[in-house]
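Residue numbering for the sequence shown follows my numbering, starting at 3 and increasing by one per position. All C-beta atoms, glycine included, are put in the ideal place defined by N, C-alpha and C. Here's the structure, in structure tokens; my notes come after.
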Amino acid sequence: MSYLEILGGYQTYLFTPNCEPIKYKFFSTKEELDKAIQACYKAGWKVSNATPVVNFFMRLSRR
Numbered sequence: 003m004s005y006l007e008i009l010g011g012y013q014t015y016l017f018t019p020n021c022e023p024i025k026y027k028f029f030s031t032k033e034e035l036d037k038a039i040q041a042c043y044k045a046g047w048k049v050s051n052a053t054p055v056v057n058f059f060m061r062l063s064r065r
């Protein structure tokens, strides 16, 4: 699962076996996101915060 910090909360994404992203769920608070992250870890999933990478590429695209 990956998540992005966006205006008003956090958007999560899951990925199919061929790496296609699927918009999953929006969490409006950090506490809700933290619960979801813990559930993912408990299920053996990997979790990544994609916010820094997305911000980096957005800065590059504005140049």
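Short check: CB of residue i to CB of residue j, under 8 Å?
| i | j | result |
| --- | --- | --- |
| T31 | G11 | yes |
| A35 | Y26 | In the sequence on display, residue 35 carries Leu and not Ala. No. |
| F28 | A38 | no |
| Y5 | N57 | no |
| T14 | M3 | yes |
Quick one: grab the DSSP three-state call for residue i.
| i | result |
| --- | --- |
| S30 | coil |
| T14 | strand |
List the residues that DSSP assigns as beta-bridge partners of residue i.
| i | result |
| --- | --- |
| S50 | S4 |
| I24 | L16 |
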